[in-house]
Amino acid sequence: MTSRYQDIHAAWRSDPFGFWLEAAKGLDWTTPPTTAFDAGAGVYGRWFPDGELNTCHNAVDRHVASGRGEQAAIIHDSPVTGTGRTITYGELLAEVKALALTLTEFGVGKGDRVIVYMPMIPEAIFAMLACARIGAIHSVVFGGFAAKELAARIDDAVPKLILSASCGIEPARKVEYKPLLDKAIELAAHKPDAVILKQRPQLTASLVEGRDFDWEALRGKAMAKLEAGAQSPCVPVKATDPLYVLYTSGTTGKPKGVVRDNGGHAVSLHWSLKNIFDTDAGETFFCASDVGWVVGHCYIVYAPLIRGATSILFEGKPIGTPDAGTYWRVVAEHGAKVLFTAPTAIRGIRKEDPDGEMPKRYDLSKFSALFLAGERADPETIIWAEKALDRPVIDHWWQTESGWPMAANPLGLGLLPIKRGSPTVAMPGFDITILDPMGTPVAANEMGAIAVKLPLPPGALPTLWNADDRFRESYLTEFPGYYSTSDAGFLDEDGYLYVMGRTDDVINVAGHRLSTGEMEEAVGSHPAVAECAVIGMHDDLKGEIPCGFVVLKKGAGLDRREIEADLVRIVREQIGPVAAFRQVLVVDRLPKTRSGKILRRTIKAIVDDKPFDVPATIEDPAALDEIRAIVASR
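Each step along the sequence shown adds one to the number in full-length UniProt numbering, with nothing skipped, and position 351 is 351.
Structure, rendered in structure tokens:
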């Protein structure tokens, strides 16, 4: 199949505003936009400024009205609890109406904020959509997040209500949410009016009298009122009104609230699910992320539902629930067309199943492609997955701030030739440029800062919550006229993008600027290595020298010192002696965030003996203790 990418990209280039106005016709609008973009509004302009719509209507009501009421909207697959549930679009509409009615009875209205602090259960999706239905702004905080971090988000968002659950379920433990939530409210200067709590059968939490309310009791009352004729309508909002605020860690310690508007968000996700991920109404999409992250917002909840697809809500882990074949079981059992996960998940599966035997146990006949994003997908991981699955493995690149892929190989338009190690090419709307420190574009294959020419497309953040100046300082000041991604990389002669890491992952070794991502690629090529991280550690003579940390595959069966020597040799051969790569440490596991990103800055702080705060999003704090011990022993 010949790719239509070049034609589509050229159409956007020739008429960017007309391109997005045409894409907007795929949605239901209460007031269709006549203007695509107002350059004089907001910080750098606003999309569809005269349009009005409701995101919940586009994600639920319109599909029921068009006859899709009996189609599955959400499939909840929970290996950690041994349960599953399928929710049709008609059932989803009833649940969302009931919760929206409850919220309005608590005084929540257009523009009010609601924090959602929940595990991977359908009620989390009901909560997001119910807020969207009444024009309220939801802010999802990862379930189990530390009380101090949750308190900071409560004080910044100033929510009227908090929606939560009694616990989250991990493979080896239950995480009690209520004590964390109670402590966060105690710490926060702002106090929400009420907490609505979903009691899970695995653990019952106590309720604070007068403040806390039982989810099921309120649901029952609301359902009865709807049956008696009460209404729970969708409230039209401006396309430029916020749909949600999603917090990402800030360098100052104060979280940054990324704002997502209603109109641009709906248009970009509706367009991207079909054109990038080749998934349409009636098909099944499996995004193995969490609703606490942007990936979960976009590709578990909104994109599949706005498009009319079926979305799999997975409560489990890629390994250990029960084994490294769980993703393939879910794909086969529910007929998923596409799986979207993080490279670290595939590396974990590869570590447990190095020969790729587990996919052979399942019927993957409806499965067409694996998409990877969240951190750099090293070529060795892609090669393993291609061989194990016999399907295209598609790396793509984006950020919380961008809201949808900035660079990808668009399956829905016909795949371009795959170059392993590259997320391929810029998507329409993202004018990606590589800049030197002075802000001048560099030549092909030359490393620099990855920037996007303004304006950003629909779906990207228009600003930070109540912080326009901070938005300018964080993203727009370094390179005037551009959005700074804080990632480093290069474009090759074919326009393929290579993302080599964050700009602070480019280290200076005796005056030579070297990419730790490139070194990780070399280290990862060793057949015994499951995953790795390379950081720059301080050196009095050379400024910085690289230091590698590696996790070995199960049953690698080689002497650790022998492997360390092999890795030093491989980097010397592939990158050269200038890399000065001489330190490699084998560890049992790497410290990561819950979304799977390796905590390279924290590892660097340990190696350089610098103070650091343990990140609130860390998955396994014991992994840091292991690195401390190994570094101290050397």
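We put the CB at the ideal spot given by N, CA and C, even for glycine.
Fill in: Under 8 Å between C-beta atoms of ILE450 and GLY489
yes
Fill in: Proximal residues to LYS97 (C-beta, below 7 Å), its chain only, five neighbours per side dropped
LEU226, SER232
Item to complete: Answer yes if the region 57–68 comes into contact with the region 134–148, meaning at least three C-beta pairs across the two stretches below 8 Å, and no otherwise.
Response: no
Fill in: Inter-residue CB distance, ILE162 and LEU181 (contact presumed, cutoff 8 Å)
7 Å
Discussion item. Going by DSSP, what residue range makes up the alpha helix (DSSP H) through SER164?
Written reply: Not the alpha helix (DSSP H): SER164 falls in the beta strand (DSSP E), residues 161–165.
Discussion item. Going by DSSP in three states, LEU497 sits in which element: helix, strand or coil?
Written reply: strand
Fill in: Beta bridge counterpart(s) of PRO441 as assigned by DSSP
LEU435
Worksheet item: Going by C-alpha distance, which of GLY548, HIS526, PRO236, VAL529 is nearest GLY517?
Response: GLY548
Discussion item. Using DSSP's beta-bridge definition, name the partner residues of PHE483.
Written reply: Checking the sequence, you will find Tyr at residue 483 rather than Phe. In the DSSP output, where bridge partners are listed per residue, TYR483 has VAL452.
Worksheet item: Given a threshold of 16 other Cβ atoms within 10 Å of its Cβ, counted over all protein chains shown, does ILE276 qualify as buried or as exposed?
Response: buried
Item to complete: Per DSSP, which residues does MET537 bridge with? Please list them.
Response: ILE545
Discussion item. Once DSSP output is grouped into helix, strand and coil, what is the label at CYS234?
Written reply: coil
Worksheet item: How would you write the range of the alpha helix (DSSP H) that PHE348 sits in, first residue to last?
Response: Correcting the residue type first, residue 348 is Gly in the shown sequence and not Phe. It spans 343–352 - the alpha helix (DSSP H) in which GLY348 sits, taken as one unbroken run.
Fill in: the region 409–419 contacting the region 381–398, beta-carbon criterion three pairs below 8 Å
yes
Worksheet item: Whole alpha helix (DSSP H) runs in the region 172–229 with 4 or more residues, listed along the chain?
Response: 177–187, 215–227
Discussion item. Looking at the strands, I want to know which residues DSSP matches up with THR284.
Written reply: THR310
Worksheet item: DSSP on ALA152, reduced to helix/strand/coil?
Response: helix
Discussion item. Beta-carbon within less than 6 Å of LEU21's beta-carbon, same chain only, minus the 5 sequence neighbours each way: which residues are those?
Written reply: ALA36
Worksheet entry | Neighbour-count burial assignment, PRO423, 16 or more Cβ in a 10 Å radius | buried
Fill in: Own chain, CB closer than 6 Å to PHE17, minus 5 neighbours either side, in chain order
ALA36, PHE37
Discussion item. Contact criterion: CB-CB distance below 8 Å. Does PHE490 meet it with respect to chain D?
Written reply: As a matter of chain content, chain D is missing from the structure shown, which is built from one protein chain.
Worksheet item: My guess is that VAL571 and ALA522 are in contact by the Cβ rule of under 8 Å, so how many angstroms apart are they, rounded?
Response: 5 Å
Discussion item. Using only the alpha-carbon positions, how far apart do TRP215 and SER289 sit?
Written reply: 25 Å
Fill in: Beta-carbon gap between VAL258 and THR400 smaller than 8 Å
yes
Discussion item. What would DSSP say about ALA239, mapped onto helix, strand or coil?
Written reply: coil
Fill in: Rounded C-alpha distance that separates ASP540 from ALA165
51 Å
Discussion item. Does ALA579 pass the burial test, meaning 16 or more other C-beta atoms within 10 Å, or should it be called exposed?
Written reply: buried
Worksheet item: Anyone know if the C-beta pair for THR88 and GLU70 falls short of 8 Å?
Response: yes
Item to complete: Let me know if VAL614 comes out buried or exposed under the rule of 16 or more other beta-carbons within 10 Å of its beta-carbon.
Response: exposed
Worksheet item: Is the CB-CB distance between LEU464 and GLY263 below 8 Å?
Response: no
Worksheet entry | Member of GLY448, ASN466, PRO242, ARG391 whose CA lies at the smallest distance from the CA of ASP492 | GLY448
Item to complete: Could you tell me the distance, in whole angstroms, from the CA atom of ALA408 to the CA atom of GLY143?
Response: 30 Å
Worksheet item: Mind checking GLN6: buried by the 16 CB within 10 Å criterion, or exposed?
Response: exposed
Worksheet item: Can you list the beta strand (DSSP E) stretches of 3 or more residues lying completely in the region 15–84, in chain order?
Response: 72–78
Practice prompt. Go ahead and label THR251 buried or exposed: buried means 16 or more other beta carbons lie within 10 angstroms of its beta carbon, across all protein chains shown.
Written response: Summary for THR251: the model assigns pLDDT 46, below 50, so the residue's position carries little reliability, and this model does not support an answer.
Practice prompt. Could you say which of TYR44, GLU478, ASP261, ASN466 lies nearest to ARG153 if we only look at CA atoms?
Written response: ASN466
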